[in-house]
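One point on numbering: in full-length UniProt numbering, the residue at position 40 of the sequence shown is 40, and numbering is uninterrupted. From the three backbone atoms N, C-alpha and C, an ideal C-beta is built for every residue, glycine too.
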Amino acid sequence: MTFTALKLALDMHNQSGGSYTVLTPAFIYTGCLLRALIDTSGFSEQNKQVQHTWQFEFEQPLLTISQLDAALGNLMDKFESGMPSPGGLSWSGVKQTLVQEFGL
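Right under this line is the structure:
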């Protein structure tokens, strides 16, 4: 029953967009997402007990939402405001190409 409660709490945390801090002997990872919780205990002739060893798989996104807003904010503002091209729009020689190819 205890593991079921832990799993439900982790699922609720994940659904609300929660992140984790993962501590390893070598490094501390912040802002991680829990991707999977896997039963790695296995089942064989020697080992008949299952669900005694678990693997937590975490992923650390390359960008957080605030970093993404900072990186793309200026570009998205230009799209939203409909900023025209600095040199204006042009067909850049399409007419000349049609004349050469088709003799129009």
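>> Going by C-alpha to C-alpha distance, which of CYS32, TYR29, SER19 and TRP54 sits closest to SER41?
In response: Along the sequence shown, one-based indexing puts residue 41 at 41. Selected option, being the one with the closest Cα: TRP54.
> Are the region 23 to 34 and the region 45 to 62 in contact at 8 Å, needing three or more beta carbon pairs?
Replying inline: Touching, yes.
> Looking at the unbroken beta strand (DSSP E) that takes in PHE58, where does it start and where does it end?
Replying inline: Here residue 58 is taken as the residue at index 58 of the sequence shown, counted from 1. Note, PHE58: beta strand (DSSP E), 54 to 59.
>> Per the DSSP calculation, ASP39 is bridged to which residue(s)?
In response: As a first step, residue 39 must be located in the sequence shown, where it is residue number 39. Per DSSP, the beta-bridge partners of ASP39 are TRP54.
>> At the level of alpha carbons, what is the spacing between SER44 and VAL50?
In response: Indexing the sequence shown from 1 puts residue 44 at position 44. Indexing the sequence shown from 1 puts residue 50 at position 50. Rounded to the nearest whole angstrom, the CA to CA distance from SER44 to VAL50 is 10 Å.
>> So, under 8 Å CB-CB, LEU63 and ALA71 are touching, yes? Tell me the CB distance rounded to an integer number of Å.
In response: As a working note, residue 63 is residue 63 in the sequence shown. As a working note, residue 71 is residue 71 in the sequence shown. At roughly 7 Å, the Cβ-Cβ gap stays under 8 Å, so LEU63 and ALA71 are in contact.
> Once you ignore the five residues that flank THR21 on each side, which residues in its own chain have a CB closer than 6 Å to its CB?
Replying inline: Position 21 of the sequence shown, counted from the first residue, corresponds to residue 21. Once the five neighbours on either side are set aside, the close Cβ partners of THR21 are THR30.
> What residue from PRO25, PHE3, GLU80 and ILE28 has the CA that sits closest to ILE38's CA?
Replying inline: Residue numbering aside, residue 38 sits at position 38 when the sequence shown is read from its first letter. Closest by alpha carbon: PHE3.
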